[in-house]
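Down below is the structure, laid out as structure tokens.
Numbering (the numbering used here), first residue to last: 10 to 157.
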């Protein structure tokens with residue numbers, strides 16, 4: 010599955026209301042509703058694009074900046090990467106190219122963005138989404154990002 014085109018992906022991300030840095034201060038309902046009105050392939054393409062962007066941030070340098078040098082922070086690291094994507098293209102690209110630009114608190118993360126495509130599909134069809142992205146969003150899975 011091809012990812013959603015960047016312009017469409019970032020426009021969709023722009024529907025997120027609130028800070029985008031934490032589940033408690035972010036409303037993903039507008040994004041879920043919007044996606045639920047799209048074709049199934051668009052929902053799948055959104056999931057693919059989100060997964061690729063989160064995967065791209067899965068590097069040793071990003072981990073050190075977001076979680077320090079403490080082992081065992083896989084979920085926290087994943088949710089922090091999701092929060093970076095929720096900030097939009099400009100912030101995402103800045104942090105992707107320079108992890109030192111990540112300047113948030115240790116408790117800031119956005120787990121719920123991980124489930125938006127699945128929730129949209131379930132809202133539309135009443136069943137689980139029969140699609141998984143081609144890359145893993147799980148922490149420490151980006152082999153090239155962990156080599157150095």
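Beta carbons: idealized from backbone N, C-alpha and C, even for Gly.
Considering Cα atoms alone, identify which of the options is closest to residue i.
| i | options | result |
| --- | --- | --- |
| residue 49 | 107, 130, 26, 13 | 130 |
| residue 152 | 108, 17, 69, 124 | 69 |
| residue 12 | 64, 58, 83, 31 | 58 |
| residue 27 | 82, 18, 95, 60 | 95 |
| residue 38 | 146, 126, 156, 139 | 126 |
| residue 144 | 46, 53, 19, 60 | 60 |
| residue 52 | 99, 138, 89, 33 | 138 |
| residue 41 | 128, 112, 146, 77 | 128 |
If you count every other CB in all the chains shown that lies within 10 Å of the CB of residue i, and 16 or more means buried, which is it?
| i | result |
| --- | --- |
| residue 148 | buried |
| residue 132 | exposed |
| residue 136 | exposed |
| residue 75 | buried |
| residue 73 | exposed |
| residue 142 | buried |
| residue 134 | exposed |
| residue 117 | buried |
| residue 107 | exposed |
| residue 89 | buried |
| residue 46 | exposed |
Give me the Cβ distance between residue i and residue j, rounded to the nearest whole Å; I'm assuming they're in contact under 8 Å.
| i | j | result |
| --- | --- | --- |
| residue 22 | residue 35 | The Cβ separation is near 12 Å, so there is no contact. |
| residue 119 | residue 29 | 6 Å |
| residue 15 | residue 154 | Residue 15 to residue 154, Cβ: 20 Å. No contact. |
| residue 122 | residue 91 | 4 Å |
Residue i by DSSP, collapsed to three states: which one?
| i | result |
| --- | --- |
| residue 67 | coil |
| residue 136 | coil |
| residue 143 | coil |
| residue 152 | helix |
| residue 35 | strand |
| residue 11 | coil |
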